[in-house]
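Down below is the structure, laid out as structure tokens.
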Amino acid sequence: MRSISKFVFCANVALSLAVYAAEDRPGSGAAAGDRAIAQQAVLRGNVNIDVMLAAPAVVATNYDLRPGMAAAVGLISVPASLVVALINPFALLGVSYPVVLPLASQDFGTKEATIKNSITVEDYVMQIRDALRSHLSTGQMEGTPEYVLQVLISTYGLQARSKVPRVGDTDRELCLVTHALVTVTRGDRELLRETIDIGIEKRSADAPVPVCASLSKFAEQDGNYLRLAIRESADILTALTLSRVGGGR
Numbered sequence: 169m170r171s172i173s174k175f176v177f178c179a180n181v182a183l184s185l186a187v188y189a190a191e192d193r194p195g196s197g198a199a200a201g202d203r204a205i206a207q208q209a210v211l212r213g214n215v216n217i218d219v220m221l222a223a224p225a226v227v228a229t230n231y232d233l234r235p236g237m238a239a240a241v242g243l244i245s246v247p248a249s250l251v252v253a254l255i256n257p258f259a260l261l262g263v264s265y266p267v268v269l270p271l272a273s274q275d276f277g278t279k280e281a282t283i284k285n286s287i288t289v290e291d292y293v294m295q296i297r298d299a300l301r302s303h304l305s306t307g308q309m310e311g312t313p314e315y316v317l318q319v320l321i322s323t324y325g326l327q328a329r330s331k332v333p334r335v336g337d338t339d340r341e342l343c344l345v346t347h348a349l350v351t352v353t354r355g356d357r358e359l360l361r362e363t364i365d366i367g368i369e370k371r372s373a374d375a376p377v378p379v380c381a382s383l384s385k386f387a388e389q390d391g392n393y394l395r396l397a398i399r400e401s402a403d404i405l406t407a408l409t410l411s412r413v414g415g416g417r
């Protein structure tokens, strides 16, 4: 995987703008006027940029990313008690005997730790915030900006493509997904509200498919493949945000 070059990044912004402009979005004249005001504020650099995660990054091998179903920066799998019960059906009745877990479980644990570290070390929020500031003329106006451009990332992390749960499967395919809400506000007034979805089942019309690979692949070279995927995802989310607020250049 190669990092997105400046040329490709600009091409992504241009493509997103074209696709986004072609979409039908119902709204009143007042709403259209608010959007125009927000976009002008962004173009003038009269905005503070706020990028934040609504919840910590997740790695969910059991597909479900709903709150409570995926642990923060941890792998979701079948409970350990159920694993023991599958190996020893009498375990839940208090009857036990020595159990030797296969070496595969150790390999899974090592790769899990690598992925967990990589997705924590890569500062996704900072990468997006810095990229937005780089592409927008923020901080060039005198005085305090009157508007706030916020990117609230509701979901970010690795999600299993298959809905069938598996225990300790290092070949299971995972996808790096992101769901975000983009708003521009002035005081208590919201002028622009847009969503960005880069997911397995839910994806914005102008968004690419998420990067998918096996757990083993993401863990390769001490998690380097995953870190590259995270940086590319940050570039893509930045481009899609710029297309929403009219700040691509």
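Using the working numbering, read the sequence shown as starting at 169 and increasing by one per residue. We put the CB at the ideal spot given by N, CA and C, even for glycine.
Restricting attention to alpha helix (DSSP H) runs no shorter than 4 residues, the stretch 341–402 encloses them at 383–386, ordered along the chain.
Its Cα nearest to that of Leu317, the residue Thr351 stands out among Val345, Gly201 and Thr351. Partner residues in the beta bridge of Thr323, as assigned by DSSP, are His347. Excluding the 5 residues flanking it on each side, Arg412 has same chain C-beta neighbours closer than 6 angstroms at Val350 and Glu362, in chain order. C-alpha of Val293 to C-alpha of Arg329: approximately 24 angstroms in a straight line. For Asn216, the three-state secondary structure derived from DSSP is strand. Spanning the alpha carbons of Phe386 and Ala222 requires a straight line of approximately 24 angstroms.
For Ala299, the uninterrupted alpha helix (DSSP H) segment begins and ends at Tyr292 to His303. Secondary structure of Ala228 (DSSP, three-state): strand.
With respect to Ser286, Gly391 sits close: the two C-beta atoms are nearer than 7 angstroms.
Put simply, of Ile296, Ala381 and Val345 the residue whose alpha carbon is nearest the alpha carbon of Ser372 is Val345. With contacts defined as CB atoms closer than 7 angstroms, Leu410 and Arg340 fail to qualify as a contacting pair. Rounded to the nearest angstrom, the Cβ distance from Ala225 to Gly325 is 4 angstroms, consistent with a contact under 8 angstroms.
Per DSSP, the beta-bridge partners of Leu317 are Ile217 and Val352. Taking every protein chain shown into account, the CB of Arg357 has fewer than 16 other CB atoms within 10 angstroms, so this residue is exposed. Beta-bridge partners of Ala206 (DSSP): none assigned.
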